[in-house]
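**Student:** The following block contains the structure, expressed as structure tokens.
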Amino acid sequence: MNWQNSEYGGVRFREHKERRNGIAKDKYFVIRYQFDGKRHEEPLGWATEGMTAKKAFLILSELKQNQATGTPPFTLKEKLSAEHARRDTEDRERVRTEAERVTFMTFFKNSYLPIQKMHKGRDTWIKEEQHGINWIFPIIGSIPIKDVSSFHIERIKKNLLDAGRSPRTIQYCFATIRQTWNHARRAGIVSGDSPTMNVKIPKFDNKRQRYLTPTECDLLLAELKKRSDTVYRLALLSLDTGMRFSEIAGLQWQNVDLVRETLALMDTKSGKNRTVYMTDRVKAIFSEMPKAGPDALVFTDRNGNRMKHISKTFDEVVATLGLNKGIDDDRLKCVFHSLRHTHASRLLESGADIYRVKELLGHANVTTTERYSHVTADRLRSAIKDMERMNNQGKVIPMTGRAG
0 MNWQNSEYGG VRFREHKERR NGIAKDKYFV IRYQFDGKRH EEPLGWATEG
50 MTAKKAFLIL SELKQNQATG TPPFTLKEKL SAEHARRDTE DRERVRTEAE
100 RVTFMTFFKN SYLPIQKMHK GRDTWIKEEQ HGINWIFPII GSIPIKDVSS
150 FHIERIKKNL LDAGRSPRTI QYCFATIRQT WNHARRAGIV SGDSPTMNVK
200 IPKFDNKRQR YLTPTECDLL LAELKKRSDT VYRLALLSLD TGMRFSEIAG
250 LQWQNVDLVR ETLALMDTKS GKNRTVYMTD RVKAIFSEMP KAGPDALVFT
300 DRNGNRMKHI SKTFDEVVAT LGLNKGIDDD RLKCVFHSLR HTHASRLLES
350 GADIYRVKEL LGHANVTTTE RYSHVTADRL RSAIKDMERM NNQGKVIPMT
400 GRAG
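For the sequence shown, numbering that gives the first Met the number 0 assigns the number 0 to the initial residue and increments by one for each residue that follows.
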């Protein structure tokens, strides 16, 4: 390797055998110097990459000046390491700045929602997306997520109330905002609590409370069977097993075990799998249905796709039977979910304890199951009435004399 000294002291180069830089041969430059009792020789690069003898000398001069004043970096290696560190710091700062400018809607769509699609049920993440489109994005969609404040949340709440939306819908919207914020906080984009924490939500009890009597159940099933085998089967399945509509809609043939008389429910609303058990009439409807492949849906819409909602036939039959006649409160109206509530009530009335009912229904905690506690109260009230009747059948001894 033939090294040649340049016109600048401490800078030398070697020429490439073939490659050219214009009309001259390409040159590879290095610098040489003495520091801390050691001789250093460090490469700088080719002329075709932009290096020149003068640039090399300026770098060498800078290092010698640093060595003389005791100000690092003292070597080219240290200088390059410092440059890399500076660029890394600048890159991180640029990324942080860009992240801080990301809007609520962009973060929701690109970061938050994709993760929810992996971990939440389809109906749940679709509802969150709809809340974003209808109520959240119009107010804070274009605002950097770090700049969202309780002032903006109050505006969202006002819009919901002005539109006549229920406190439950407000709670859902706030939950979507809060979860998105918490996700951004874990990503280091925001800090502190969600701005929803400082905004009050109107108190409410939005739980449906309609339960069908045995007579109403019989009338409903009989009328449904006249109009639609499919809707009849869906209703019977919910009534006898307590399955949610979304669980029925997602049921595949591989989940149906006619031998063990069980249904395996996967990825339910609570995030847990569970098993429900067939009654004789539930087993009968599966036995009479034509079977498909293991991963095929048991029930589909008219186009062979997953059902998104119960057929209008159900509401039409409810109207025909007058099950909601004179009822204005939505919580007391008969809807498809009322069949699941009725199933839970029947379990408790038959003597099942609340913890077993919790497991059968797939509730995340027993608090949800306690909404059916009125059933237990009815049974206790009935027991007191029975005792009272027994007392009335016996002799009543009058209280005479003075108390003393």
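Glycine is no exception: its CB is placed at the ideal position from the N, C-alpha and C atoms.
Can you give the Cα-Cα distance for I139 and P194, rounded to whole angstroms?
**Tutor:** Position 140 of the sequence shown, counting from 1, holds the residue named residue 139. Position 195 of the sequence shown, counting from 1, holds the residue named residue 194. The straight-line gap from Cα to Cα measures roughly 12 angstroms.
**Student:** H130: buried (16+ other C-beta within 10 angstroms of its C-beta) or exposed?
**Tutor:** The count along the sequence shown starts at 1 and reaches residue 130 at position 131. So H130 ends up on the buried side.
**Student:** Between which two residues does the alpha helix (DSSP H) holding S174 run?
**Tutor:** Taking the sequence shown and counting its residues from 1, one reaches residue 174 at position 175. Reading the sequence as shown, one finds Ala at residue 174 and not Ser. Note, A174: alpha helix (DSSP H), 166-185.
**Student:** On the CB-based measure, 16 or more other CB atoms within 10 Å of its CB, does N272 come out buried or exposed?
**Tutor:** Position 273 of the sequence shown holds residue 272. That one is exposed.
**Student:** Alpha carbon to alpha carbon, how far is E127 from M104? Give it in angstroms, no decimals.
**Tutor:** Stepping through the sequence shown from its first residue, residue 104 is reached at position 105. Stepping through the sequence shown from its first residue, residue 127 is reached at position 128. Cα to Cα, the separation comes out at about 12 angstroms.
**Student:** Within the same chain, show all residues whose beta-carbon is closer than 6 angstroms to that of K268, passing over the 5 residues directly before and after it, in chain order.
**Tutor:** As a working note, residue 268 is residue 269 in the sequence shown. So the qualifying residues of the chain are G120.
**Student:** When you compare the CB positions of L233 and F298, do they come within less than 8 angstroms of one another, or not?
**Tutor:** Walking along the sequence shown from the start, residue 233 turns up at place 234. Walking along the sequence shown from the start, residue 298 turns up at place 299. Yes, the Cβ-Cβ distance between L233 and F298 is below 8 angstroms.
**Student:** Under the rule that 16 or more other beta-carbon atoms within 10 Å means buried, what is D327, buried or exposed?
**Tutor:** Locating residue 327 in the sequence shown gives position 328, where the first residue counts as 1. With fewer than 16 Cβ atoms within 10 Å of its Cβ, D327 is classed as exposed.
**Student:** For W2, count neighbouring Cβ atoms within 10 angstroms of its own Cβ and tell me buried if that reaches 16, exposed if not.
**Tutor:** On the sequence shown, position 3 is the one that residue 2 refers to. The residue in question, W2, is exposed, as its Cβ has fewer than 16 Cβ neighbours within 10 Å.
**Student:** Can you tell me where the beta strand (DSSP E) with R38 in it begins and where it stops?
**Tutor:** Position 39 of the sequence shown, counted from the first residue, corresponds to residue 38. Element bounds for R38: 37-45.
**Student:** Kindly give me the distance between the Cβ atoms of T319 and E222, rounded to whole angstroms, as I take these residues to be in contact under 8 angstroms.
**Tutor:** The count along the sequence shown starts at 1 and reaches residue 319 at position 320. The count along the sequence shown starts at 1 and reaches residue 222 at position 223. About 7 angstroms separates the two Cβ atoms, so the contact holds.
**Student:** Return the bridge partner residues of Q33 from the DSSP annotation.
**Tutor:** As a first step, residue 33 is located in the sequence shown; it is residue number 34 there, counting from the start. Looking at the DSSP assignment, Q33 forms a beta bridge with R38.
**Student:** Under the three-state reduction of DSSP, which class applies to E17: helix, strand or coil?
**Tutor:** In the sequence shown, counting from the first residue as 1, residue 17 sits at position 18. Looking at E17 - three-state DSSP - the assignment turns out to be strand.
**Student:** Would you check if the distance between the CB atom of G9 and the CB atom of R31 is smaller than 8 angstroms?
**Tutor:** Taking the first residue of the sequence shown as 1, we reach residue 9 at position 10. Taking the first residue of the sequence shown as 1, we reach residue 31 at position 32. Closer than 8 angstroms, so yes.
**Student:** Note the first and the last residue of the continuous alpha helix (DSSP H) segment covering L218.
**Tutor:** Position 219 of the sequence shown holds residue 218. First-last of the alpha helix (DSSP H) with L218: 213-226.
**Student:** Could you give the residue range of the alpha helix (DSSP H) that holds R345?
**Tutor:** Stepping through the sequence shown from its first residue, residue 345 is reached at position 346. 336-348 is the span of the alpha helix (DSSP H), which, as asked, contains R345.
**Student:** Shortest alpha-carbon distance to M277 belongs to which of P72, H342, R154, G292?
**Tutor:** For the purposes of this step, residue 277 is identified with residue 278 of the sequence shown, where counting begins at 1. For M277, the nearest C-alpha among the options comes from H342.
**Student:** When DSSP builds the beta bridges, which residues end up paired with P143?
**Tutor:** Counted from its first residue, the sequence shown places residue 143 at position 144. DSSP output for P143 lists T102 as bridge partner(s).
**Student:** Among L79, G21, Q251, L338, whose alpha-carbon lies nearest the alpha-carbon of P213?
**Tutor:** Counting from one through the sequence shown, the residue named residue 213 turns up at place 214. Closest by alpha carbon: L338.
**Student:** Quick check for students: name the residue ranges of the alpha helix (DSSP H) that lie wholly in the region 267-318, counting only runs of 4 or more.
**Tutor:** As far as the region 267-318 is concerned, its whole alpha helix (DSSP H) runs of at least 4 residues are 279-287.
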